[in-house]
Amino acid sequence: MEQRHLGALTTSALGLGCMGLSQGYGPADDERSIQVIRRALELGVRMVDTAMSYGQGHNERLIARAIAGRRDEVVLATKFGIVRGPDGVRVDARPERVRADCEASLARLGTDVIDLYYLHRADPRVPIGATVAAMAELVQEGKVRHLGVSEVTADQLEQAAAVHPIAAVQLEWSLLWRRPEADVVPAARRHGVGVVPYSPLGRGLLTGSLTEADIRLSDFRRADPRFQGDNLAANRRQVAALRRFADRREISTGRLALAWLLAQGPDVVPIPGTRSPERLADNARAAEIHLGPADLRELDELLRDGDWAGDRRSFAVPVTARRAGE
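Under UniProt numbering, think of the first position of the sequence shown as 1, with each following residue one higher.
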């Protein structure tokens, strides 16, 4: 698979988002999940993305099992700052807890170094620069190789990059949600920060195969306005247009949606998640598709951004609403 650069970090053009292997999309099946992770490595996918909050540590332990004996094949990315416990979910990225969170992740992952360590969410009680300064100490100590931030504003990204080089900013970005193109993506490029889109398939909507049962069974979709009522109907009309374009190219709609993101720049590394080995193989083939300027213009005309409907729902993100006129 093509290699790309997130700041000074080299990885595959596509990564694997692992959250859904532990939470959000129905009961976990560890043995099947391990097969998916190992199959991703066979397909050339190198970045494996997790977080301490995914399944309250379950996801990191799962990945440790899947990559046992193959650590040198993996660009291992994890995150801290979202804490799940008996009292619910909260953001806690105080500098004094950064080292302990990192060491706990290292233990669960069964490794002595994390390739890309993200601040999962900025803590509103703490200047982001203070948190990043504590993260930078982990780089100096050799526990972490590169730093990232997730779901920050353009201003927060600027503040983080002023303290320490930031390899990647992770954010929701897809044909369904293009809001980052207005501010965060340009800010990232000013600072040489790579962009890692999560939910690049619009939480499954852009595959064209999402069912009402899929929505009901997923906490993330069920609570998201984009998957409800008139919004869902409007968005399915957009997906139908995407399917017509994909059919002409004899590719799946999901592969086309990923190829569109890959065509946004060589500093973009989407991390689609899936529980299906078959879907995983289809996703990986998106890296083989070239969309030229004419293709991108046609898609912009066919799938006008303002015709997608509904704001988004996600925990502690700074931007959930579409811009006026979108």
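Backbone N, C-alpha and C define an ideal beta-carbon position, used for all residues, glycine too.
Please read these numbers as outputs of a predicted model, since none were measured by experiment.
How many whole angstroms separate the CB atoms of residue i and residue j, which I take to be in contact at a CB cut-off of 8 Å?
| i | j | result |
| --- | --- | --- |
| G192 | G44 | Between G44 and G192 the Cβ distance is about 25 Å, and since that is not below 8 Å, they are no contact. |
| G15 | A68 | Actually they are not in contact, since the Cβ atoms of G15 and A68 sit about 19 Å apart, beyond 8 Å. |
| V132 | L138 | So it is not a contact: roughly 11 Å between Cβ atoms. |
| R32 | A66 | That pair is no contact at about 11 Å. |
| L205 | N231 | That pair is no contact at about 11 Å. |
| V195 | D267 | 6 Å |
| A182 | R323 | 7 Å |
Closest to residue i by C-alpha separation, out of the options, would be which residue?
| i | options | result |
| --- | --- | --- |
| A77 | Q170, S22, A154 and V89 | Q170 |
| Q159 | N231, Q238, D30 and G129 | G129 |
| A240 | M135, H120 and W308 | W308 |
| G306 | S105, R279, R179 and P200 | R179 |
| R61 | D87, G85 and I34 | I34 |
| G81 | V74, D87, R99 and E73 | R99 |
| P270 | A167, P197 and D30 | P197 |
| L210 | T274, L261, W177 and P86 | T274 |
Where do the N-terminal and C-terminal ends of the alpha helix (DSSP H) with residue i fall, by residue?
| i | result |
| --- | --- |
| L258 | T253 to L262 |
| M135 | I128 to Q140 |
| I63 | H58 to A66 |
| P144 | The sequence given here has Val at residue 144, not Pro. From DSSP, V144 is part of no alpha helix (DSSP H) but of the beta strand (DSSP E) over V144 to S150. |
| L157 | A154 to V163 |
Would you call residue i buried or exposed, if buried means 16 or more other Cβ atoms sit within 10 Å of its Cβ?
| i | result |
| --- | --- |
| P293 | exposed |
| G325 | For G325, the pLDDT reaches just 46, beneath the cut-off of 50, and the residue's location in the model is therefore unreliable, although a value from the coordinates is still provided. The residue is exposed, with fewer than 16 neighbouring Cβ atoms inside 10 Å. |
| V36 | buried |
| F315 | exposed |
| S12 | buried |
| A223 | exposed |
| P253 | For the record, residue 253 in the displayed sequence is Thr; it is not Pro. Classification of T253: buried, given that the 10 Å Cβ count is 16 or more. |
| R279 | buried |
Sorted by chain position, which residues of the same chain lie with C-beta nearer than 6 Å to residue i's C-beta, five sequence neighbours on each side aside?
| i | result |
| --- | --- |
| R90 | V83 |
| F227 | I215 and R221 |
| H58 | S22 |
| G310 | P225, R226 and N231 |
Who are the Cβ neighbours of residue i in its own chain at under 8 Å, not counting the five residues just before and after it?
| i | result |
| --- | --- |
| R255 | A246, D282, N283, R285, A286 and I289 |
| P318 | A122, E151, V152, T153 and Q156 |
| I63 | C18, I37, V48, T50, L76 and L109 |
What residues in its chain sit with their C-beta under 7 Å from that of residue i, if we drop five residues either side in the sequence?
| i | result |
| --- | --- |
| R94 | D123 and V126 |
| G71 | At residue 71 the sequence reads Arg, which differs from the Gly that was named. Excluding sequence neighbours, R71 sits near T111. |
Between which two residues does the beta strand (DSSP E) holding residue i run?
| i | result |
| --- | --- |
| D49 | M47 to D49 |
| I215 | Segment E212 to L217 is the alpha helix (DSSP H) holding I215; no beta strand (DSSP E) there. |
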